[in-house]
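Asks: My questions will all concern the structure given below.
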Amino acid sequence: MPFVLPVLFRLLGINAGPGTKMTPYSVRTARRGRHTIGENGIINCYFSFDRPEAQIKIGRDCYIGKSHLVAADRISIGNDVVISWGVTIVDHLAFSRLAAAS
(Lines of atoms letter the chains of each structure in order from A and count residues from 1; the text may use other names and numbers.)
(Lines give C-alpha, C1' and ligand atoms only; values in the text may rest on other atoms or scores of the structure.)
Protein backbone atom coordinates (compact mmCIF):
# COMPACT_ATOMS: atom_id res chain seq x y z
CA MET A 1 0.00 0.00 0.00
CA PRO A 2 1.47 3.41 -0.93
CA PHE A 3 1.95 6.03 1.77
CA VAL A 4 2.16 9.80 1.60
CA LEU A 5 5.45 11.29 2.82
CA PRO A 6 4.96 12.68 6.36
CA VAL A 7 6.32 16.08 5.39
CA LEU A 8 3.61 16.36 2.71
CA PHE A 9 0.67 15.42 4.90
CA ARG A 10 1.84 17.82 7.60
CA LEU A 11 2.04 20.59 4.97
CA LEU A 12 -1.55 19.71 4.01
CA GLY A 13 -2.74 20.32 7.58
CA ILE A 14 -2.82 16.74 8.87
CA ASN A 15 -2.31 16.64 12.65
CA ALA A 16 -0.40 13.35 13.03
CA GLY A 17 2.40 12.32 15.36
CA PRO A 18 5.89 11.32 14.26
CA GLY A 19 6.26 7.93 12.63
CA THR A 20 2.65 7.79 11.44
CA LYS A 21 2.03 6.54 7.89
CA MET A 22 -1.09 7.48 5.93
CA THR A 23 -2.46 6.46 2.55
CA PRO A 24 -3.38 9.13 -0.04
CA TYR A 25 -7.16 8.83 0.46
CA SER A 26 -6.73 9.01 4.26
CA VAL A 27 -4.82 12.27 3.87
CA ARG A 28 -7.35 13.65 1.38
CA THR A 29 -10.38 12.92 3.57
CA ALA A 30 -8.79 13.85 6.93
CA ARG A 31 -8.14 17.37 5.61
CA ARG A 32 -11.90 18.01 5.59
CA GLY A 33 -12.34 17.98 9.37
CA ARG A 34 -10.90 18.25 12.86
CA HIS A 35 -8.71 15.32 13.80
CA THR A 36 -5.76 14.23 15.93
CA ILE A 37 -3.67 11.17 15.12
CA GLY A 38 -1.02 9.80 17.51
CA GLU A 39 2.49 8.68 16.68
CA ASN A 40 3.62 5.47 14.96
CA GLY A 41 0.25 4.61 13.44
CA ILE A 42 -0.65 3.15 10.08
CA ILE A 43 -3.82 4.82 8.82
CA ASN A 44 -5.60 3.47 5.75
CA CYS A 45 -9.17 4.63 6.40
CA TYR A 46 -11.64 7.07 4.91
CA PHE A 47 -12.68 9.97 7.18
CA SER A 48 -16.17 11.54 7.01
CA PHE A 49 -17.19 14.55 9.08
CA ASP A 50 -20.98 15.03 9.07
CA ARG A 51 -20.77 18.39 10.88
CA PRO A 52 -18.07 21.09 10.86
CA GLU A 53 -17.45 20.68 14.61
CA ALA A 54 -17.08 16.88 14.43
CA GLN A 55 -13.81 15.40 15.72
CA ILE A 56 -11.91 12.16 15.19
CA LYS A 57 -9.09 11.26 17.59
CA ILE A 58 -6.82 8.26 17.05
CA GLY A 59 -4.27 7.23 19.69
CA ARG A 60 -0.67 6.16 19.29
CA ASP A 61 0.48 2.88 17.74
CA CYS A 62 -2.83 2.22 15.97
CA TYR A 63 -3.39 0.29 12.76
CA ILE A 64 -6.59 1.13 10.92
CA GLY A 65 -7.20 -0.92 7.78
CA LYS A 66 -9.34 0.09 4.82
CA SER A 67 -12.29 1.23 6.92
CA HIS A 68 -14.61 4.23 7.28
CA LEU A 69 -14.88 6.57 10.28
CA VAL A 70 -18.06 8.71 10.23
CA ALA A 71 -18.29 11.42 12.92
CA ALA A 72 -21.18 13.77 13.62
CA ASP A 73 -19.88 14.69 17.08
CA ARG A 74 -16.79 12.74 18.15
CA ILE A 75 -15.03 9.43 17.62
CA SER A 76 -12.17 8.61 19.97
CA ILE A 77 -9.96 5.56 19.39
CA GLY A 78 -7.47 4.67 22.14
CA ASN A 79 -3.83 3.61 21.98
CA ASP A 80 -2.61 0.29 20.54
CA VAL A 81 -5.84 -0.43 18.64
CA VAL A 82 -6.16 -2.56 15.49
CA ILE A 83 -9.19 -2.08 13.24
CA SER A 84 -9.42 -4.42 10.27
CA TRP A 85 -10.60 -3.67 6.73
CA GLY A 86 -14.29 -3.36 5.96
CA VAL A 87 -15.25 -1.79 9.31
CA THR A 88 -17.46 1.30 9.57
CA ILE A 89 -17.51 3.24 12.85
CA VAL A 90 -20.32 5.78 13.25
CA ASP A 91 -21.09 7.94 16.30
CA HIS A 92 -24.75 8.58 15.50
CA LEU A 93 -27.86 6.71 14.42
CA ALA A 94 -29.10 8.73 11.45
CA PHE A 95 -30.83 5.68 10.02
CA SER A 96 -33.00 5.29 13.17
CA ARG A 97 -34.43 8.79 12.65
CA LEU A 98 -35.27 7.90 9.07
CA ALA A 99 -37.01 4.69 10.14
CA ALA A 100 -39.00 6.53 12.83
CA ALA A 101 -40.20 9.10 10.28
CA SER A 102 -41.70 6.45 7.97
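Residue 591 is where the sequence shown starts when you use my numbering, and the numbers rise one by one after that.
Backbone N, C-alpha and C define an ideal beta-carbon position, used for all residues, glycine too.
Who are the Cβ neighbours of Val594 in its own chain at under 6 Å, not counting the five residues just before and after it?
Replies: One-based indexing of the sequence shown puts residue 594 at position 4. Cβ within range, chain order: Met612, Pro614 and Val617.
Asks: List the endpoints of the continuous alpha helix (DSSP H) containing Val671.
Replies: Here residue 671 is taken as the residue at index 81 of the sequence shown, counted from 1. Boundaries cannot be given for Val671, as no alpha helix (DSSP H) includes it and DSSP labels it neither H nor E.
Asks: Quick one: using the 10 Å Cβ neighbour count with 16 as the cut-off for buried, is Asn605 buried or exposed?
Replies: Along the sequence shown, one-based indexing puts residue 605 at 15. Answer is exposed; the Cβ neighbour count stays below 16.
Asks: Which residues does DSSP pair with Ala661 in a beta bridge?
Replies: Residue mapping note: residue 661 aligns to position 71 of the sequence shown, counting from 1. DSSP, once it has assigned bridges, lists Phe639 as partnering Ala661.
Asks: Measure the C-alpha to C-alpha separation of Gly603 and Gly623 and round it to an integer number of angstroms.
Replies: Your numbering for residue 603 matches position 13 in the sequence shown. Your numbering for residue 623 matches position 33 in the sequence shown. Taking the straight line from one Cα to the other gives about 10 Å.
Asks: Identify which residue in Pro642, Ala644, Cys652 and Glu643 has its Cα closest to the Cα of Cys635.
Replies: The residue labelled residue 635 in the question sits at position 45 within the sequence shown. Closest option to Cys635, Cα to Cα, is Cys652.
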